[in-house]
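In the numbering used here, the protein residues as written are 170 to 252.
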Amino acid sequence: MALMITDECINCDVCEVECPNGAIYQGPEIFEIDPALCTECVGHYAEHQCEVVCPVECIFVHPEHRETQEQLLEKFQRITGRS
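The following block contains the structure:
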């Protein structure tokens, strides 16, 4: 799964620096999450760090990018080169 940021985003940018994979970036109107880089913090943390720091609770699981824990771990390994 990848996470997504909804239109309720207030562009505070606190989530961007918390992403260990660099998946969060400033889009044309709000911050966005690149599903190819989002591992939901699997391999890094027990919780979604962007969700933890978001003051308006606008980060949710993306319904079009569902992945298993195993797939997220494989993505983490591919992105970071770690096992």
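Note that beta-carbon positions come from the ideal geometry of N, C-alpha and C, so glycine has one too.
On a predicted model such as this, the values are computed, not experimentally measured, just so you know.
- [ ] To the nearest angstrom, report how far apart Cys178 and Leu242 are at their CA atoms.
- [x] 27 Å
Open item on the list: For Gly191 and Arg235, what's the separation of their Cα atoms in angstroms?
Closed with: 19 Å
Task: Environment of Val211 [buried if 16+ CB atoms lie within 10 Å] - done: buried
Open item on the list: So, at 7 Å on beta carbons, what are the nonlocal neighbours of Thr175 in its own chain, with the 5 sequence-adjacent residues on each side left out?
Closed with: Cys227 and Phe229
- [ ] Take His141 as the anchor and find which of Met173, Glu187 and Met170 has the nearest alpha-carbon.
- [x] Because the chain here runs from 170 to 252, residue 141 falls outside it and cannot be looked at.
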